[in-house]
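Each residue of the sequence shown is one higher than the last, beginning at 208 in our numbering. These notes are about the structure you will find just below.
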Amino acid sequence: MSKRNALFVLSATVSALSMVPAHAEFASAVTQETRSVAGLEQPAEIIIDQWGVPHIYAGTDRDAIFLQGYNAARDRLWQIDLWRKRGLGQLSESFGESFVDQDRAARLFLYRGDMEEEWAAYGPNGRSSAEAFSEGVNSYVQQVLDGDLPTPVEFALTGSQPALWSPEDVVRIRSHGLTRNASSEVSRARIACEEGIEADRLRQKLEPEWTPSIPEGLDPCTIPEDVLADYTLATQNVTFEAPDVASQTEPVPASGTETDVDAGPAPDELESADPAAPETHENNQSSGDQETRLDPATFLRTTAANVQEIGSNNWTVAPSRTATGRPILANDPHRAHGVPSLRYVVHLNSPGMSVIGAGEPALPGVSIGHNGKIGFGLTIFAVDQEDIYVYELNPDNPDQYRYQDEWVDMDVMSDTVNVRDGEPVDIEMRFTRHGPILKVDADNNRAYAFRSVWFEPGTSAYFGSVDYMGAQNWDEFSSAMERFSTPSENQVYADTDGNIGWIVGAISPLRENWDGLLPVPGDGRYEWDFLERDKLPSSYNPEKGWFATANEMNLPEDYPYEDYKVGFEWSDPSRYNRIAEVLSEDDQMTLAGSMALQNDDHSMMQRRVVALMHGLDLPDTASALDNEALDLIQDWDGVTSADSAAAAVAEVMLSKHLVKVAGQRLLGDDLSTLLGRGAITSVVDLLEQPDARLGTEPDAARDEILSQALSDAVAETSEHLGQNVAEWRWGDLHKGVFTSSVAALAPQGLRSQLNVGPLSMGGSAFSPRAASYNDAFEVTSGASFRMVLDVGNWDESRFINTPGQSGDAMSAHYRDLAPLWAAGDYAPLVYSREAVERAAHHVIALTPGD
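If you want it as structure tokens, here you go:
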């Protein structure tokens, strides 16, 4: 039996003392405490190092996962509690009636299939991991509810309490799954309706090269612009608003000395905060727009404008191309920024495992890291895992839809949403064979449903890490990928024997008679099967000695994409191209080199723009400031560093004006708003090779677009940074900001403690140091976590989380990593017991309790 398969089968007779040394002595500066923990089976220990990473030493594998849950609640209770309530559709019970619509939407997307099939899909450790983790969370939560441990400040500000978990909660929630491409289907239908399907080339480049067609039986003009309102509501983040907090007495934040790991604000600091149910403000990736209150036409435009680049970088380098002769594995997943971080670093030790790295705070396991034998890291591989189905309704019975020439009953499910300070609200949800009904057009007897891999067994996002984190070699890791479904991932691999690899872990719908790029009739003509897992690509010990991914289209040249149609909508390849440029030139890669590459500000996209600008002559009407800016860009190397003047105006031009100007010219004012920033790639492609879409004189039209976009960008940049071009700095515009979900409820002193930033930053959406931003140039997404592994010499590995490990604003580990992260610095990812003890900051000795 492999160690991976034995994770929870190993004998519990191994002495707990073998994993929890009784002789360990720590420096006098290390704080220590002892706790009695109900549900713990054997004595254990949590050593929190000086960077806030908990190293859990447990006597059994079950206790290690139990303590992962306990510790997640210790450090991130508000975050994981809110994740659970949002995902299960239970926000109203804690926060009031303004969340009823969101709760109903969330319940549409829960897994409602057979739980035995669900557990079996994750391999031998799935169910036991969820049970142990939820029991650990509950042990901590119960201590909070009993008053034995402090309640985090966010609960006091919202007048709420944390809830107890069940194991099923861990996997039934699907709305964090990062699947795709339903929103693109809606935009494509809208453009196809008004301008023809060919016009959509400007909005989204399709790769491999593909010509979409409108499915038989679909009228794209019948797709409502707000058809995904419930989907957006279910998947968006939650923040809170208060009508007036300025008059409240300001608390004095805690000093930050570490009593520490659980230190919260004193009760008198919060007594002025109004615990009444707060007003709510739901946002989509920090957009700040309440989409569900918008009219349908504005809804789709707002959604397109707020799409953020969600991606990542990873690479693995063979010993033949490193300075040490050991593999290097690097990963920096890019997600929406927030406080606390979307990822949490933990070290799990027991007789059956020693795995360290980052995972989702609310889930067991480690999805990015190493186990002493292999290292692993992930990025999104863009499988198309969603579709919108359109149904003809029975005019005599709106709860029936046509399927294969018969009227078929929908499944109508009744449920009740409990509401704080209000009466329970009865709701109804309708489901077809494909998924939940999102919208009904009663006037035209049509309904629209959403199909996603979410509804298949084994598709809880990232939960599959409990299986693969124990793999000991490539064969075991590859086997685990056969059970990993969402998100669809490029997994890179390296082991202590010097092997490297890449494999896709995903469940991929197989559409035999259409391409998944538009909605389809739900009458039975367009059904899914699933691609066999061994038909997804992989590479083991590639000849070039390295493998990298950055969400680009990376299907092998001979891949039968016309048959499998796994997906056609990929990220721009600029990040990958820069990574490949560096890795292919450096045959003595070092840890420092990989860390520098993760923080590389070179924008290959901006290099392309600079080349376009070299051939540009501005019109006579151009201002002196426009000409100065053009000179600046023409002399620029495309490095979007924080101190670059050229980067400031070039990024304003690229992100806010180039697509807008081109889109207005080609599609008109109305449809151009659907392009969003995802159209930058196709717009630059067009400007590099002007064609008839630009009219009878395409070269002249290209120059007019560039000139107008530059002039508009100069006007905006000078408005922000002044008229002196030499004093412009990209970092004066481009700021990292981490905003707490409850900041608006807090008095000013506490609010400043809850929020982190602004931090001046370089980078862009197209540089390896990904730093996408909103219209106010606040960095909204990028590296949520960075890791570089020295495979086999594990204590030399490095990481950084941001803004800190803790979710407790009064902890020293709440914001301590943010300045390091912004500066491109790292902390040691210590692994051996000796290194952990040297780095210890706080030690919690744990004993079984009642």
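Cβ coordinates follow ideal geometry from the N, Cα and C atoms, glycine included.
Straight-line Cα distance separating residue j from residue i
i, j, result
"residue 430", "residue 798", "50 Å"
"residue 547", "residue 624", "28 Å"
"residue 840", "residue 722", "40 Å"
"residue 432", "residue 843", "41 Å"
"residue 426", "residue 408", "19 Å"
"residue 635", "residue 643", "11 Å"
"residue 534", "residue 690", "26 Å"
"residue 800", "residue 885", "30 Å"
"residue 868", "residue 651", "37 Å"
"residue 323", "residue 378", "12 Å"
"residue 865", "residue 341", "49 Å"
Where the beta strand (DSSP E) through residue i begins and ends
i, result
"residue 613", "613–616"
"residue 560", "560–566"
"residue 1007", "1005–1008"
"residue 608", "604–610"
"residue 242", "238–245"
"residue 698", "696–702"
"residue 863", "Per DSSP, residue 863 belongs to no beta strand (DSSP E) and is neither H nor E."
"residue 654", "653–659"
"residue 404", "Taken as a continuous stretch (DSSP letters only), residue 404 belongs to no beta strand (DSSP E), as it is neither H nor E."
"residue 714", "It is not in any beta strand (DSSP E) - residue 714 carries neither H nor E in the DSSP assignment."
Within-7 Å CB hit, residue i to chain C
i, result
"residue 544", "The structure shown has no chain C; it contains just one protein chain."
Three-state class that DSSP yields for residue i in the structure shown
i, result
"residue 1017", "coil"
"residue 439", "helix"
"residue 313", "helix"
"residue 886", "helix"
"residue 596", "strand"
"residue 636", "strand"
"residue 685", "helix"
"residue 354", "coil"
"residue 1035", "strand"
"residue 986", "strand"
"residue 1048", "strand"
"residue 371", "coil"
"residue 262", "strand"
"residue 306", "helix"
"residue 580", "coil"
"residue 775", "coil"
"residue 965", "strand"
"residue 753", "strand"
Same chain, Cβ closer than 7 Å to residue i, five either side skipped, listed in chain order
i, result
"residue 825", "833, 834, 837 and 914"
"residue 361", "285 and 949"
"residue 434", "393, 595, 645, 646 and 655"
"residue 641", "596, 656, 658 and 729"
"residue 508", "Confidence at residue 508 is low in this model, with a pLDDT of 49, below 50, so the placement of that residue should be treated as unreliable; the coordinate-derived value is given next. So the list reads 880 and 881, once near-sequence residues are dropped."
"residue 367", "301 and 302"
Same chain, Cβ closer than 6 Å to residue i, neighbours up to 5 away in sequence not counted
i, result
"residue 1054", "243 and 250"
"residue 687", "674, 675 and 678"
"residue 261", "253, 255, 278 and 553"
"residue 381", "316, 318 and 661"
"residue 312", "437, 440 and 441"
"residue 539", "520, 805, 990 and 993"
Beta-carbon contacts of residue i that lie in its chain and below 8 Å, excluding the five residues immediately before and after
i, result
"residue 934", "852 and 928"
"residue 968", "849, 938, 941, 942, 943, 978, 986 and 1029"
"residue 719", "736"
Extent of the continuous alpha helix (DSSP H) to which residue i belongs
i, result
"residue 924", "905–928"
"residue 840", "831–841"
"residue 809", "Residue 809 -> no alpha helix (DSSP H), and no H or E assigned at all."
"residue 287", "268–295"
Measuring CB atoms only, is the segment 366–373 touching the segment 840–853, in the sense that at least three cross pairs come out at less than 8 Å? Segments in contact, no.
Touching or not, the segment 697–716 and the segment 582–597, by the rule of three or more beta carbon pairs under 8 Å? At 8 Å Cβ cutoff, the stretches touch.
Would you check if the segment 695–710 and the segment 739–759 touch, i.e. whether three or more CB-CB distances between them fall below 8 Å? Yes: at least three Cβ pairs fall under 8 Å.
Count the C-beta pairs between the segment 1028–1038 and the segment 1007–1014 that are closer than 8 Å, then say yes if the count reaches three, no if not. By the criterion of at least three beta-carbon pairs nearer than 8 Å, the segment 1028–1038 is in contact with the segment 1007–1014.
Contact between the segment 849–865 and the segment 383–392 (3+ Cβ pairs under 8 Å): With fewer than three CB-CB distances shorter than 8 Å, the segment 849–865 does not count as touching the segment 383–392.
Cβ contact (3+ pairs, closer than 8 Å) linking the segment 615–624 and the segment 721–738: With the cut-off at 8 Å, the segment 615–624 and the segment 721–738 do not touch.
On the three-pair Cβ rule with 8 Å, is the segment 690–706 touching the segment 343–359? Proximity of the segment 690–706 to the segment 343–359 falls short of the contact definition, fewer than three beta-carbon pairs being nearer than 8 Å.
Quick test of the definition: if touching needs 3 or more C-beta pairs under 8 Å, does the segment 993–1003 touch the segment 959–968? Judged by Cβ distances under 8 Å, the segment 993–1003 makes no contact with the segment 959–968, as fewer than three pairs qualify.
Using 8 Å as the cut-off, can you tell me whether the segment 807–819 makes contact with the segment 761–772, which would need three or more C-beta pairs spanning the two stretches below that distance? No: the two stretches stay apart, fewer than three of their Cβ pairs being nearer than 8 Å.
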